[in-house]
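Read in numbering that gives the first Met the number 0, the sequence shown has 74 at position 75, and its numbers run on one by one without any break. Heads up, the beta-carbon is just placed ideally off N, CA and C, and yes, glycines get one too. Computed from a prediction, not measured in an experiment: that's the story for all the values here. Below is one structure; the comments refer to it alone.
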Amino acid sequence: MPGSRRASDLTGPLVLDASVAVEYLVGLRFAAQAQLLIRGVLDRDIELWAPDLLYPESASAIRKLLRLRAIGPAEADRAVSDLLRLPLTGAATKNLLSRVWALRDALTPYDACYVALADMLGAPLVTADQRLAASPRARRIDAVLLEDLI
0 MPGSRRASDL TGPLVLDASV AVEYLVGLRF AAQAQLLIRG VLDRDIELWA PDLLYPESAS
60 AIRKLLRLRA IGPAEADRAV SDLLRLPLTG AATKNLLSRV WALRDALTPY DACYVALADM
120 LGAPLVTADQ RLAASPRARR IDAVLLEDLI
């Protein structure tokens, strides 16, 4: 498959965005890839990073799925509970703000938090967001689409 990458080939720290967390927690379109990534990373003791923005952003996405009746209340509650147990190292968005602001012409501040953190760590950014991965700014880092993982 063009663009395919082995999850096992990803090394070093990895930055995850909220789209990956929600795929892992709720099991949407790319749940298998999210499971493969997170379980594989845990087996290899690779650090997972995210800006602390990931938590409210993921909760918002879970809330939307609940309101759309794509998931039930029990599944939403479990997803939020599991979100707090994800083995993530959180980065304070306050510490990323200068880099985020420098990206203002290309990305929303929310997306820029993930790109800025990946840039700061020299780490790949894993996302299920095709628009973010295709952004010229995101292409300057190693932006990996979740759907491309095998």
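Let me check understanding here. Comparing Cα to Cα, which of the options lies closest to residue i?
i	options	result
residue 148	10, 35 and 13	35
residue 55	66, 18, 29 and 37	18
residue 92	76, 114, 72 and 82	114
residue 44	7, 63, 58 and 134	7
residue 53	129, 88 and 143	88
residue 121	30, 29 and 137	137
residue 30	127, 64, 71 and 51	127
residue 50	5, 125 and 146	125
residue 39	59, 5 and 76	5
Buried or exposed, going by whether 16 or more other CB atoms sit within 10 Å of the CB of residue i?
i	result
residue 32	buried
residue 9	buried
residue 118	buried
residue 133	exposed
residue 78	buried
residue 110	buried
Output the distance between the C-alpha atoms of residue i and residue j, rounded to the nearest integer angstrom.
i	j	result
residue 47	residue 69	28 Å
residue 15	residue 116	10 Å
residue 21	residue 97	27 Å
residue 74	residue 25	8 Å
residue 107	residue 84	27 Å
residue 3	residue 80	32 Å
residue 139	residue 102	12 Å
residue 1	residue 144	Bear in mind that the predicted position of residue 1 carries a pLDDT of just 48, short of 50, making it too unreliable to give a figure here.
residue 42	residue 86	12 Å
Quick check on residue i: does DSSP put it in helix, strand or coil?
i	result
residue 88	strand
residue 136	helix
residue 67	coil
residue 142	strand
residue 83	coil
residue 106	coil
residue 124	strand
residue 95	helix
Based on the DSSP output, what are the partners of residue i in its beta bridges?
i	result
residue 10	Residue 10 pairs with nothing; no bridge assigned.
residue 50	90
residue 4	148
residue 15	125
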